[in-house]
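**Student:** Protein chains in written order, with my numbering: chain A, 1 to 189; chain B, 190 to 378. Note that CB positions come from ideal geometry on N, CA and C, so glycine has one too.
Number of protein chains: 2
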Amino acid sequence: MKIETRKQEIVSAASILFKEKGYSAVTMRDLAKAMGIKAASLYNHIQSKQEILSTIIIELAEEFTTGMDKIATSRDSAIQKLENIIDLHIDVTLRNADGLASLNNDWMHLEEDNLQYFEKMREEYEDSFREIVRKGVDEGEIKSFNIEIIVFSTLSTLRTLYLWYPKQKNIDANILKHDMISVLLKGVV
Amino acid sequence: MKIETRKQEIVSAASILFKEKGYSAVTMRDLAKAMGIKAASLYNHIQSKQEILSTIIIELAEEFTTGMDKIATSRDSAIQKLENIIDLHIDVTLRNADGLASLNNDWMHLEEDNLQYFEKMREEYEDSFREIVRKGVDEGEIKSFNIEIIVFSTLSTLRTLYLWYPKQKNIDANILKHDMISVLLKGVV
DNA sequence: GTCTATATGTCGATAGAC
DNA sequence: GTCTATCGACATATAGAC
Chain A
1 MKIETRKQEI VSAASILFKE KGYSAVTMRD LAKAMGIKAA SLYNHIQSKQ EILSTIIIEL
61 AEEFTTGMDK IATSRDSAIQ KLENIIDLHI DVTLRNADGL ASLNNDWMHL EEDNLQYFEK
121 MREEYEDSFR EIVRKGVDEG EIKSFNIEII VFSTLSTLRT LYLWYPKQKN IDANILKHDM
181 ISVLLKGVV
Chain B
190 MKIETRKQEI VSAASILFKE KGYSAVTMRD LAKAMGIKAA SLYNHIQSKQ EILSTIIIEL
250 AEEFTTGMDK IATSRDSAIQ KLENIIDLHI DVTLRNADGL ASLNNDWMHL EEDNLQYFEK
310 MREEYEDSFR EIVRKGVDEG EIKSFNIEII VFSTLSTLRT LYLWYPKQKN IDANILKHDM
370 ISVLLKGVV
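1) Beta carbon of V322/B, beta carbon of I338/B: below 8 Å?
2) Determine the burial state of Y43/A: buried for a count of at least 16 other Cβ atoms within 10 Å of its Cβ, exposed for fewer.
3) For I338/B, go through chain A and note every residue whose CB falls closer than 8 Å to its CB, in chain order.
4) Could you check whether the Cβ of G136/A sits closer than 8 Å to any Cβ belonging to chain B?
5) Evaluate E4/A with the Cβ neighbour count: other Cβ atoms within 10 Å of its Cβ, from every protein chain shown; 16 or more gives buried, anything less gives exposed.
6) Starting from the N-terminal side, write out each stretch of the beta strand (DSSP E) that is 3 residues or longer and does not extend beyond the region 125 to 185 of chain A.
7) Taking the alpha carbon of I171/A as the reference point, which residue from I90/A, N146/A, I71/A has its own alpha carbon closest?
8) I believe F167/B touches V183/A by the beta-carbon criterion, under 8 Å. Please report the beta-carbon distance rounded to the nearest angstrom.
9) When you compare only the Cα positions, how much space is there between I268/B and D316/B?
10) Does the CB of Q357/B have a neighbour CB from chain A at under 8 Å?
11) For G288/B, which of E313/B, R195/B, S201/B has the nearest alpha-carbon?
12) Mapping DSSP to helix, strand and coil, what is H278/B?
13) Any beta carbon of chain A sitting closer than 8 Å to that of A214/B?
14) Does chain B have any CB closer than 8 Å to the CB of M68/A?
15) Sorted by chain position, which residues of the same chain lie with C-beta nearer than 8 Å to L344/B's C-beta, five sequence neighbours on each side aside?
16) Applying a beta-carbon distance threshold of less than 8 Å, which residues of chain B neighbour K7/A?
17) Label K70/A either buried or exposed according to how many other C-beta atoms from any shown protein chain fall within 10 Å of its C-beta, with 16 as the threshold for buried.
18) What residues of chain A sit near F207/B, judged by a beta carbon separation below 8 Å?
19) Report the rounded CA-to-CA distance for S48/A versus R29/A, giving the unit in angstroms.
20) So, helix, strand or coil for K227/B, using DSSP?
21) Count the other C-beta atoms from every protein chain shown that fall within 10 angstroms of the C-beta of D295/B, then say buried if there are 16 or more, exposed otherwise.
22) Please return the same chain residues whose Cβ sits closer than 7 Å to the Cβ of A223/B, not counting the five positions on each side in sequence.
23) If we call anything under 8 Å between Cβ atoms a contact, is R159/A one with A61/A?
24) Going by Cα to Cα distance, which pick from E131/A, T157/A, V92/A is closest to M180/A?
25) Tell me the rounded alpha-carbon separation between N84/A and A229/B.
26) Kindly list the residues whose CB is nearer than 7 Å to the CB of E141/A, restricted to its own chain and excluding five residues on each side of it in sequence; keep chain order.
27) Return the CA-CA distance between S263/B and E139/A, expressed in angstroms with no decimal places.
28) K21/A versus chain B: which residues are under 8 Å apart at the beta carbon?
29) Taking the straight line between their C-alpha atoms, what separation do you get for D87/A and K169/A?
30) So what does DSSP say about H234/B, is it helix, strand or coil?
31) Express the C-alpha separation of Y212/B and L242/B in angstroms, rounding to a whole number.
32) In its own chain, which residues sit with a C-beta less than 6 Å from the C-beta of K38/A, not counting the 5 before and 5 after it?
33) Starting from R6/A, follow the alpha helix (DSSP H) in both directions and report where the run begins and ends.
34) Quick one: list the residues of chain A neighbouring T349/B, beta-carbon separation under 8 Å, in chain order.
35) Tell me whether N96/A is buried or exposed, calling it buried when 16 or more other Cβ atoms sit within 10 Å of its Cβ.
36) For N303/B, return the contacting residues in chain A, with the cut-off set at a CB-CB distance below 8 Å.
So this is what it looks like as structure tokens:
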């Protein structure tokens, strides 16, 4: 039973609307209507529409950055690290599938500092991912397919989980993790 | 050396802008500027902003529908059919990567008839894909992982090719096809 | 914390001259 | 085929009452 501040309620409602129509197509009147209040009232809790977007995206991006740092700096094998990355994406998706829509599709509407900050985090995330695969290939753990293709195909699937998982009614998180690891990794190992 | 009508030029320019910012965030003034004319002049060639979007999306969706129909009704094995689907996505991506951004991210801004038509085509496409995998599993060609996960992970990768391929400077289309088939299918076969 | 009223700007689209 | 001028609707955001 989580107690949300009014701002958190707004951000949650906005995440759902942004997922359905995208940031630009959602108006403050749409959002207010979803909250059962008038648009002007939103501004007692948030400073701007832009602040809602950056709250959603930056928080999620930092979550991925923190998670990847832990995984990348561990002494695990490359395969174990890839399994941990899959775990990370599934965990975040279970917790905030709606917000991930904005992270994936509306990041370009961030402004100035937040946009740069986001792009830096995304780049470093992909670099860490690539480095894990490269090392795995070097040490013979992973088949030497084109590294970029392995990184791309794995990441594109993990990034799209937010669209797919909510539609799967009866699938246990642990079974999902297990099957996901099988499908994504058994091809390259 | 392809000769484009003025409408085709507008649709091409719009595809690029829609890919960068999404349909809702691109204004007719943005589009006109990219064409080197004034916004009002666009309306001598197109009826509305909405018409541009539906031209982009419906054409691509019909291409996928036609391609999938040929693949699904052939006498090929399940594996051969999956390889043909990968081919189809790569071919379309090479020809119109920009338009695929709208297909993937802006379809919900289609109106009425076109929205229903699109959703019907997408549903049938996914059903055909699922049926091919199901039959492959039944006949022992494909490992019996969760069918939904196989369909989802494969399709999410193929649908994201439009983002990734243009960034790969020196990759031959045939090599891409070969590696893509390896990475996507060797895990499930 | 929510409201009404409104400021200020931009949107898609049209009319009519050249 | 492109332009200038403009319309009416709607966008984000603010001011100030309750």
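**Tutor:** In this structure, then:
1) As a first step, residue 322/B is located in the second sequence; it is residue number 133 there, counting from the start. As a first step, residue 338/B is located in the second sequence; it is residue number 149 there, counting from the start. In this structure, I338/B does not lie closer than 8 Å to V322/B by Cβ.
2) Numbered from its first residue, the first sequence carries residue 43/A at position 43. Under this definition Y43/A is an exposed residue.
3) Here residue 338/B refers to the residue found at position 149 of the second sequence. Simply L176, D179, M180, V183.
4) Locating residue 136/A in the first sequence gives position 136, where the first residue counts as 1. Answer no: the Cβ-Cβ gap between G136/A and chain B never drops below 8 Å.
5) Walking along the first sequence from the start, residue 4/A turns up at place 4. Exposed is the call here.
6) none
7) Position 171 of the first sequence, counted from the first residue, corresponds to residue 171/A. Comparing Cα-Cα distances from I171/A to each of I90/A, N146/A, I71/A, the minimum goes to I90/A.
8) Nothing can be reported for residue 167/B, as the shown portion of chain B is limited to 190 through 378.
9) Counting from 1 along the second sequence, the entry for residue 268/B is found at position 79. Counting from 1 along the second sequence, the entry for residue 316/B is found at position 127. Taking the straight line from one Cα to the other gives about 17 Å.
10) As a working note, residue 357/B is residue 168 in the second sequence. So, interface residue.
11) Looking up residue 288/B in the second sequence gives position 99. The shortest C-alpha separation from G288/B is found at S201/B.
12) Here residue 278/B is taken as the residue at index 89 of the second sequence, counted from 1. Note: H278/B maps to helix in three-state DSSP.
13) Sequence index remark: in the second sequence, residue 214/B carries index 25 (1-based). With 8 Å as the cut-off, A214/B counts as an interface residue toward chain A.
14) Here residue 68/A corresponds to residue number 68 of the first sequence, with the count starting at 1. Chain B contact via Cβ: absent.
15) Along the second sequence, read from residue 1 onward, the residue named residue 344/B stands at position 155. Here the set comprises E315, F318.
16) To locate residue 7/A, count along the first sequence from 1; it is residue 7. Chain B residues near K7/A: none, gap ~25 Å exceeds 8 Å.
17) Here the question's residue 70/A lines up with position 70 in the first sequence. Answer is exposed; the Cβ neighbour count stays below 16.
18) Reading the second sequence from its first residue, position 18 is the one you call residue 207/B. The contacting residues do not exist; F207/B stays about 11 Å from chain A at best.
19) As a working note, residue 48/A is residue 48 in the first sequence. As a working note, residue 29/A is residue 29 in the first sequence. The alpha-carbon atoms of S48/A and R29/A are separated by roughly 13 Å.
20) By 1-based counting over the second sequence, the position of residue 227/B is 38. In the structure shown, K227/B sits in coil (DSSP, three-state: anything other than H, G, I, E or B).
21) As a working note, residue 295/B is residue 106 in the second sequence. Classification for D295/B: buried.
22) Numbered from its first residue, the second sequence carries residue 223/B at position 34. Excluding residues within five positions, the ones whose Cβ falls inside 7 Å are A202, L206.
23) Locating residue 159/A in the first sequence gives position 159, counting from the first residue. Locating residue 61/A in the first sequence gives position 61, counting from the first residue. No, they are not a contact pair.
24) For the purposes of this step, residue 180/A is identified with residue 180 of the first sequence, where counting begins at 1. Comparing Cα-Cα distances from M180/A to each of E131/A, T157/A, V92/A, the minimum goes to T157/A.
25) Along the first sequence, read from residue 1 onward, the residue named residue 84/A stands at position 84. Along the second sequence, read from residue 1 onward, the residue named residue 229/B stands at position 40. For N84/A and A229/B, the distance between alpha carbons rounds to 54 Å.
26) Along the first sequence, read from residue 1 onward, the residue named residue 141/A stands at position 141. Excluding sequence neighbours, E141/A sits near S77, A78, I79.
27) For this step, residue 263/B is matched to residue 74 along the second sequence. For this step, residue 139/A is matched to residue 139 along the first sequence. Distance between the alpha carbons of S263/B and E139/A: 42 Å.
28) Within the first sequence, numbered from 1, the residue matching residue 21/A stands at position 21. By Cβ distance, chain B contributes S213, M297, H298.
29) Looking up residue 87/A in the first sequence gives position 87. Looking up residue 169/A in the first sequence gives position 169. Taking the straight line from one Cα to the other gives about 19 Å.
30) The residue given as residue 234/B occupies position 45 in the second sequence. Here H234/B sits in coil by DSSP.
31) One-based indexing of the second sequence puts residue 242/B at position 53. One-based indexing of the second sequence puts residue 212/B at position 23. Cα to Cα, L242/B sits roughly 8 Å from Y212/B.
32) Along the first sequence, one-based indexing puts residue 38/A at 38. The answer, listed in chain order, is A32.
33) Here residue 6/A refers to the residue found at position 6 when the first sequence is read from its first residue. First-last of the alpha helix (DSSP H) with R6/A: 6 to 21.
34) To locate residue 349/B, count along the second sequence from 1; it is residue 160. By Cβ distance, chain A contributes F152, S156, R159, T160.
35) In the first sequence, the residue the question calls residue 96/A occupies position 96. That one is buried.
36) Looking up residue 303/B in the second sequence gives position 114. The premise fails here: N303/B is roughly 16 Å from chain A at the closest Cβ pair, so nothing lies under 8 Å.
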